[in-house]
Amino acid sequence: MDGVNVVELTIVIVFFLIVTVMGFVAARWRRAESLMHLDEWGLGGRSFGTWITWFLLGGDLYTAYTFVAVPALMFGAGAAGFFAVPYTVVIYPLVFLVVIRLWSVSHVRGFVTPADFVRSRFDSPGLALLVALTGIVATMPYIALQLVGIEAILKAMGVEGELPLIVAFVILALYTYNSGLRAPALIAFVKDTLIYLTIIVAVIVIPTKLGGWDVVFGAAEEKFSAGTGAGVLLPATGQLGYATLALGSALALFLYPHSITGVLAASNRDVLKRNMSALPVYSLALGFIALLGFMAIAAGVTPIGEDGNTIVPVLFQEMFPSWFAGIAFAAIGIGALVPAAIMSIAAANLFTRNIYKEFLKRDATPRQEAQVAKIVSLVVKLGAVAAILFIDPQFSIDLQLIGGVIILQTLPAVALGLYTRWLHRGGLIAGWFAGMAAGLLMLYNIPRLGPDGTVVREHFGGSSFALSKLGLDVASSVYAGLLALLANLLVAVVVTVVLRAMKVSDGVDGTAESDYTAEREDPTFRDLPDPLESAPPGAAGERATRR
Amino acid sequence: MRSDRSPWNWLLLVPIVVPLLVPVFNRVEPTLFGWPFFYWVQLLFVGLGVLTTVLVYRATRRSPADQAAARAAVTRDARDAAARTTDDRNGGH
Chain A
442 MDGVNVVELT IVIVFFLIVT VMGFVAARWR RAESLMHLDE WGLGGRSFGT WITWFLLGGD
502 LYTAYTFVAV PALMFGAGAA GFFAVPYTVV IYPLVFLVVI RLWSVSHVRG FVTPADFVRS
562 RFDSPGLALL VALTGIVATM PYIALQLVGI EAILKAMGVE GELPLIVAFV ILALYTYNSG
622 LRAPALIAFV KDTLIYLTII VAVIVIPTKL GGWDVVFGAA EEKFSAGTGA GVLLPATGQL
682 GYATLALGSA LALFLYPHSI TGVLAASNRD VLKRNMSALP VYSLALGFIA LLGFMAIAAG
742 VTPIGEDGNT IVPVLFQEMF PSWFAGIAFA AIGIGALVPA AIMSIAAANL FTRNIYKEFL
802 KRDATPRQEA QVAKIVSLVV KLGAVAAILF IDPQFSIDLQ LIGGVIILQT LPAVALGLYT
862 RWLHRGGLIA GWFAGMAAGL LMLYNIPRLG PDGTVVREHF GGSSFALSKL GLDVASSVYA
922 GLLALLANLL VAVVVTVVLR AMKVSDGVDG TAESDYTAER EDPTFRDLPD PLESAPPGAA
982 GERATRR
Chain B
11 MRSDRSPWNW LLLVPIVVPL LVPVFNRVEP TLFGWPFFYW VQLLFVGLGV LTTVLVYRAT
71 RRSPADQAAA RAAVTRDARD AAARTTDDRN GGH
């Protein structure tokens, strides 16, 4: 146990035990008739009010990886890392308009996943399968990245080996299996209390110790004026990339299945609308967290073993007494568990609804659905642990980069689909393939450059695509995901026009116009419906007999 | 039929567009408490986002009668759920 910080480790373990107990007790919280129904296990009974939704979505969207990676980016790349702030400002008004429509239609038709919606709206199990697979593939590396967050704090505490990581995730897997979405919802309270406490203390204590904000920004200015000469600002060529990355990431965030899971668990539309005003509090916190990267520069922090992700834990150790560093580490560690649980639940819901029930066992009972989802959530988490143990963590970071680009390719079907059915299902499928191909091709051709401008790695080195590669005579680069989305939309529109001209059938819309604005008190509103048997518009009689 | 269209929604474009106008705020002066403009103004945009969403939410909110009905629906569900668990404990259905 040489070099292990006992005080820090003890505090982290105590908090971890508290959260574990809460995770199991959560099954009894807001108790349902039975957890053996996907609406109960996978969506917490669709009953969460404003506060719980705020903690749940906040716990879901601002992950341990964010807390570790954003400051690391600021530390390494300067102003470009601050994109996280405009990204999380832009997102809420966008969601305000779009996602509440998804909430309404899902509650009328009983959708649990975005792919359920696509299946019904465009009458296409194939398109739904593409959306579901995209969601699962994009989510997996995201879960693995949460482990990178835990690894960073373990390294800082001097804990060797991978056993603690495995133990933490096995326990997480067990209480998620047991309690479903209620577990992360309950634990999110603890996580956020600790996170906010840490940030408030950090932004007061650290700059004071360093000699004020002038010193913090001055140190960053000095570090970054050497390379591009832009100092703490963006170089002229980096501005378009900054804006498009912020916009593209914002569009992607609420397409991720785990965000949609959090949204659908809300009890009514007002809860969501109020949250779009209250969630930005986290963005404010994120801005301060980002600046921890500059504080680390001013404090002269050196990362452990060239792992840039360790700069925040090391900074905390240098600036705080051990007991408070322990609390901060617990915040980051628990910050990994909450989103990892929600993500695995979301992936499990997608598999159960859009693969198992659609293609493997059409007559699955709700009980069987819940059982399959619980098992898949275990498999997904064990897969994430295996990914971290057997492959280079850098590989998950690359996959996560790809994840953002590919999840954007579901935007035409999911987000535009909430407003219009003009795009033909065939066009959407063609667009998905085009966007996917374009996105992967671009990412493959982005090298990573070292500080001196030499190529460190040839492929998948980042997400900003140089416009000069398209033959344009400019030095700017653009977020590859947005370009891929443009290709996707272009193909979708062209193919739609062609298919419509050929009079190819576009199936029967399983939703009605009024579904998209439905409120909780509406007679069409259902709590425990069966989505794939969803009645076509107007067939109210069938529902009456079933209830 | 109920609709979620409202001219107020156009206001939501402000917090979407403003944070993306990077060349406008990519500068150091004026600084605030030692923070370059680039950093403090973007934190200010968070406030802008909150302000506009609150404004649009309040302006497009449903009538008090509708809200009361929604609340009643929520309490009704909670009561039903409670009744169901009591039934279970008593061994009945």
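Chains as they are written, first to last, in this note's numbering: chain A, 442 to 988; chain B, 11 to 103. Ideal Cβ positions, reconstructed from N, Cα and C, are used throughout, including at glycine. Small disclaimer: the values here were computed from a predicted structure and weren't measured.
{"query": "Interface residues of the segment 514 to 532 of chain A facing chain B [CB-CB below 7 Å]", "result": "Ala520, Phe523, Val526, Pro527, Val530, Val531"}
{"query": "Residue range of the unbroken beta strand (DSSP E) whose run includes tyrosine 860 of chain A", "result": "That residue, tyrosine 860 of chain A, is in no beta strand (DSSP E); it is neither H nor E in DSSP."}
{"query": "Nearest candidate by alpha-carbon position, reference leucine 675 of chain A, set B:Arg15, B:Ile26, B:Pro33", "result": "B:Pro33"}
{"query": "is_contact[lysine 802 of chain A, chain B] using C-beta, thresh 8 Å", "result": "no"}
{"query": "For serine 724 of chain A, the first and last residue of its enclosing alpha helix (DSSP H)", "result": "721 to 739"}
{"query": "Beta-bridge partners of phenylalanine 906 of chain A, as assigned by DSSP", "result": "A:Val919"}
{"query": "Straight-line gap, isoleucine 594 of chain A to leucine 21 of chain B (C-alpha atoms, nearest Å)", "result": "42 Å"}
{"query": "Best match in A:Leu692, A:Ala871, A:Leu859 for proximity to tryptophan 544 of chain A [C-alpha to C-alpha]", "result": "A:Leu859"}
{"query": "Extent of the continuous alpha helix (DSSP H) run through arginine 71 of chain B", "result": "Arginine 71 of chain B -> no alpha helix (DSSP H), and no H or E assigned at all."}
{"query": "Proximity test, Cβ basis, 8 Å: glycine 776 of chain A and chain B", "result": "no"}
{"query": "The segment 833 to 850 of chain A touching the segment 573 to 589 of chain A, judged by at least three CB pairs closer than 8 Å", "result": "yes"}
{"query": "CB contact below 8 Å: proline 46 of chain B versus chain A", "result": "yes"}
{"query": "For leucine 58 of chain B and proline 25 of chain B, believed in contact at Cβ under 8 Å, the rounded distance", "result": "5 Å"}
{"query": "8 Å Cβ cutoff, threonine 491 of chain A in contact with chain B", "result": "no"}
{"query": "Close-in-space but distant-in-sequence residues of the same chain around alanine 614 of chain A (CB under 6 Å, 5 per side omitted)", "result": "Leu819, Lys822"}
{"query": "Short CB-CB distance (under 8 Å) between alanine 980 of chain A and chain B", "result": "A caution first: alanine 980 of chain A carries a pLDDT of 39, below 50, which makes its placement in the model unreliable, though a value can still be read off. No, no contact with chain B."}
{"query": "Per-residue burial, histidine 900 of chain A [other beta carbons within 10 Å of its own, 16 or more giving buried]", "result": "exposed"}
{"query": "Cβ-based burial, alanine 828 of chain A [other Cβ within 10 Å; buried from 16]", "result": "buried"}
{"query": "Cβ-Cβ distance between proline 566 of chain A and glutamate 799 of chain A below 8 Å", "result": "yes"}
{"query": "Leucine 756 of chain A - DSSP class collapsed to helix/strand/coil", "result": "helix"}
{"query": "Contact list for valine 60 of chain B against chain A, beta-carbon separation under 7 Å", "result": "Ser718, Pro721"}
{"query": "The segment 533 to 555 of chain A: positions lying closer than 8 Å to chain B by Cβ", "result": "Tyr533, Pro534, Leu535, Phe537, Leu538, Ile541, Arg542"}
{"query": "Neighbouring residues, chain B, relative to leucine 674 of chain A (Cβ below 8 Å)", "result": "Asn36, Arg37, Val38, Pro46, Phe48"}
{"query": "Beta-bridge pairing of tryptophan 45 of chain B - partner residues as DSSP gives them", "result": "B:Leu42"}
{"query": "Contact list for aspartate 655 of chain A against chain B, beta-carbon separation under 7 Å", "result": "Gly44"}
{"query": "Boundaries of the beta strand (DSSP E) in which valine 433 of chain A is found, first to last residue", "result": "No answer is possible for residue 433 of chain A: the residues shown for chain A start at 442 and end at 988."}
{"query": "Close Cβ partners of aspartate 914 of chain A (< 8 Å) along its chain, the five nearest in sequence each way excluded", "result": "none"}
{"query": "In DSSP terms, what leucine 989 of chain A is bridged to", "result": "This structure leaves residue 989 of chain A out entirely; chain A is present only between 442 and 988."}
{"query": "Those runs of the alpha helix (DSSP H) which lie wholly inside the segment 570 to 632 of chain A and span at least 4 residues", "result": "604 to 620"}
{"query": "Buried/exposed call for glycine 102 of chain B, threshold 16 Cβ in 10 Å", "result": "Annotation note: pLDDT 42 at glycine 102 of chain B (below 50); position unreliable, coordinate value reported separately. With fewer than 16 other Cβ atoms within 10 Å, it is exposed."}
{"query": "Beta carbon of valine 530 of chain A nearer than 8 Å to that of leucine 681 of chain A", "result": "no"}
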